[in-house]
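Participant: Next up is a structure, given as structure tokens.
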Amino acid sequence: MSIFWVVRQLAHIQESMATSKKVITKEEWEKKLKDVKIRKEDMNKLVMNFLVTEGYVDAAEKFRTESGTEPDIDLATIMDRMAVKKAVQCGNVEDAIEKVNDLNPEILDTNPQLFFHLQQQRMIELIRNGKIEEALEFAQEELAPRGEENQSFLEELERTVALLAFEDVSNCPVGELLDISQRLKTASEVNAAILTSQSHEKDPKLPSLLKMLIWAQNQLDEKAAYPRINDLTSAHLEDPAV
1 MSIFWVVRQL AHIQESMATS KKVITKEEWE KKLKDVKIRK EDMNKLVMNF
51 LVTEGYVDAA EKFRTESGTE PDIDLATIMD RMAVKKAVQC GNVEDAIEKV
101 NDLNPEILDT NPQLFFHLQQ QRMIELIRNG KIEEALEFAQ EELAPRGEEN
151 QSFLEELERT VALLAFEDVS NCPVGELLDI SQRLKTASEV NAAILTSQSH
201 EKDPKLPSLL KMLIWAQNQL DEKAAYPRIN DLTSAHLEDP AV
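Shown next, in the form of structure tokens:
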């Protein structure tokens, strides 16, 4: 199924729809799908864009061989970016900062929010490892001065320091800071900054298309009953609710 077509079709129907809800059967919808022609080359480029942006080098290499689709980024340069991302994901934030500076010192110099988040992650890792005194000292020396200059930084620092008030972080209202998802969030931010510094798009196109699909469906829900895609992983068309 083509996501491109679904989004376009939803927009077209929305423009032409009368005020009363129209019912579009699954058979009608699927018939129109069969008539749509999307170039395989365009779909392959979309897949390659996702693999390259997210840093799946091995998968991108294999996909290039199988599909003949050339990436718009030298795959060799992805390795350095992924080394930074992996360091953050593993909690080695200091190493990640060094690697970023080796790639391009201006990345952190010109992005104070990213640098703060990396330093915040360093403090989180100290707390995770039970180095409480070191974490407090680090907060006072590295994070507090930045919090004085930026209100949002101060609020984030206060949330991080709140971790120290609970022996059992499972009862801590900000305990999610110790989740692996927090590492992934910081790693994703670093990845995007490196891509931007290399004049590449920081986000893959595929998730944006999926968000557009969800938005278009939500808009159309008000005007029509139609075969909806509720599970994006399968793209299965659900029978219209009438």
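Be aware that the sequence shown starts at 1, since it is given in the UniProt record's numbering, and climbs by one per residue.
Glycine residues also receive a C-beta, built at the ideal position from the N, C-alpha and C atoms.
Examine the ligand SAM and report whether any of its heavy atoms sits within less than 7 Å of the Cβ of residue 217.
Facilitator: The model depicted lacks the ligand SAM and carries no ligand whatsoever.
Participant: Taking just the CA atoms, how far does residue 183 sit from residue 176?
Facilitator: If I take the Cα positions, the gap works out to 10 Å.
Participant: Helix, strand or coil: which one does DSSP assign to residue 87?
Facilitator: Looking at residue 87 - three-state DSSP - the assignment turns out to be helix.
Participant: Express the C-alpha separation of residue 108 and residue 100 in angstroms, rounding to a whole number.
Facilitator: Those two C-alpha atoms are separated by around 8 Å.
Participant: Terminal residues of the continuous alpha helix (DSSP H) containing residue 65?
Facilitator: It spans 57-67 - the alpha helix (DSSP H) in which residue 65 sits, taken as one unbroken run.
Participant: So does the segment 85-97 actually touch the segment 186-194, counting three or more Cβ pairs closer than 8 Å?
Facilitator: Counting Cβ pairs under 8 Å, three or more are found: they touch.
Participant: Taking its Cβ as the centre, do 16 or more other Cβ atoms sit within 10 Å of residue 166, making it buried, or is it exposed?
Facilitator: Exposed is the call here.
Participant: Give the straight-line distance between the Cα atoms of residue 120 and residue 58, rounded to the nearest whole angstrom.
Facilitator: In a straight line, the C-alpha of residue 120 is about 31 Å away from that of residue 58.
Participant: Return the CA-CA distance between residue 187 and residue 111, expressed in angstroms with no decimal places.
Facilitator: If I take the Cα positions, the gap works out to 15 Å.
Participant: To the nearest angstrom, how far is it from the Cα of residue 68 to the Cα of residue 34?
Facilitator: Using only the alpha carbons, I get a separation of about 26 Å.
Participant: With C-beta atoms as the reference, is residue 75 less than 8 Å away from residue 205?
Facilitator: Result no, Cβ atoms of residue 75 and residue 205 do not sit closer than 8 Å.
Participant: Mapping the DSSP letters down to three states, classify residue 190 as helix, strand or coil.
Facilitator: Three-state result, residue 190: helix.
Participant: Are residue 132 and residue 160 touching if we call contact CB-CB under 8 Å?
Facilitator: Result no, Cβ atoms of residue 132 and residue 160 do not sit closer than 8 Å.
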